[in-house]
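Counting from 11, one number per residue, gives the positions in the sequence shown under the working numbering. In this text, a Cβ means the ideal position worked out from N, Cα and C, and glycines have one as well. These figures come from a predicted structure and were not determined experimentally.
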Amino acid sequence: MLALLIDVLLQLVFGLLLIVIATLALAALPYGVFDAALEQALLTVGVVLLLIGYPVCFERLNEGRTPGKAAVGLRVVSHDGGPVGLRQSLTRALVGVAVEWPGLVLPLLSWVAGATVMLTDARGRRLGDLVAGTLVVHTRTAVSWRPVPAPLPVLTSWAYTLDLSRLDPSLALTTRQYLTRSHQFAEPARSDLARQLWREVAATTGPPPPPGLPEAVYLAAVLGERHRRARQRLAGERGLAAALWPQLGSTPLLRPAEPTPLLRSAEPTLPDPAPISAPGPVPSPRTVHSGQAAPSGPVGVRPSVPARRSGADGTGGH
């Protein structure tokens, strides 16, 4: 509503400018040229420019933002999050002028219908957004976030001994959100919420901390230790992966295989064994001729199964 109010005020200012410009232009025309038909035509063009051209031009040239939307941090985008197109902006403006604001078709009834749609839609979209396939999103928030306070040095040794295995991730996230926004709470609500969170955190961690400090300080120490252990665990996993698979960051994982002929020789051969540190491509099966035993391959490669010999009586040999 605030964005609409700003845009309506600007449209009135632009309308006054158009009236002044049109008056000066008509004053320069010869006598008898200006009549009622020309007046009606100019009035229609001016209304179309103000009500339809104003939002369409600004949404196309200013990344979906009219001056009112830019002032309050709103933006019109497509339903999939992409930039709004010309056809979408034009459809949105036409539907808005017809049934929403100013509502040329049944003004009172269309206003009630538009308000009902905005209140019942899950995303708060109006009729123009539903028809055009657009969405109005926030480009900035009014919430100012601060980093989590660093733990005090006196709590470092206690934090090293904490058992965090039972600390729920959702509780840790709630605690982090409180610490980053605690400056927005007023007393006594800030202290009450800190005590409530500390009771929940202390019930799932141990040992108890040294007494005499505020609850928010304990919460910051717990989150700092949890973050330190997470970073240490991640560094260990990356170091282990680099030690077991050094080619991960230096060479491509898959190399194109060289083309090989179908029959190189009468003696089938197996490819060279791949290094143990990096998994190689799976060797293709080799054809073993009747009467030949499977050649011995490297460790880890399954040899081919030899074909069964035919007995003298025509039955299969065992």
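- For Val147, the enclosing beta strand (DSSP E) has its first and last residue at Thr144 to His148.
- Assignment of Ser175 by DSSP, reduced to helix, strand and coil, places it in the coil class.
- 8 Å or more divides the Cβ of Val232 from the Cβ of Leu181.
- Between the C-alpha atoms of Ala37 and Glu73 there is a straight-line separation of about 38 Å.
- Listed as beta-bridge partners of Pro93 by DSSP are Val87.
- By the Cβ-count criterion, Glu235 is buried, with 16 or more other Cβ atoms from all chains shown falling within 10 Å of its own Cβ.
- Under the three-state reduction of DSSP, Gly134 is assigned to coil, being neither helix nor strand.
- Straight across, the Cα-Cα distance linking Leu100 with Arg70 is about 10 Å.
- The beta carbon of Ser88 lies closer than 8 Å to those of Val94, Gly95, Gln98, Gly143, Thr144 and Leu145 in the same chain, with the five residues before and after it left out.
- About 5 Å separates the Cβ atoms of Leu61 and Val107, confirming a contact at the 8 Å cut-off.
- Runs of alpha helix (DSSP H) with 4 or more residues, each lying fully within the region 180-243, are found at 199-214, listed in chain order.
- Taking a 10 Å sphere around the C-beta of Tyr41, we find fewer than 16 other C-beta atoms and assign the residue as exposed.
- Rounded to the nearest whole angstrom, the CA to CA distance from Pro198 to Pro179 is 27 Å.
- Counting C-beta pairs with one atom in each stretch, the region 158-176 and the region 120-140 have fewer than three that are closer than 8 Å, which means they do not touch.
- For Trp255, the number of other beta carbons within 10 angstroms of its own is below 16, and it is reported as exposed.
- Sequence-distant Cβ neighbours of Ala35 in its own chain, meaning closer than 8 Å and more than five residues away, do not exist here.
- Under the three-state reduction of DSSP, Leu114 is assigned to coil, being neither helix nor strand.
- Secondary structure of Leu254 (DSSP, three-state): helix.
- It is roughly 22 Å from the alpha-carbon of Val211 to the alpha-carbon of Ala196.
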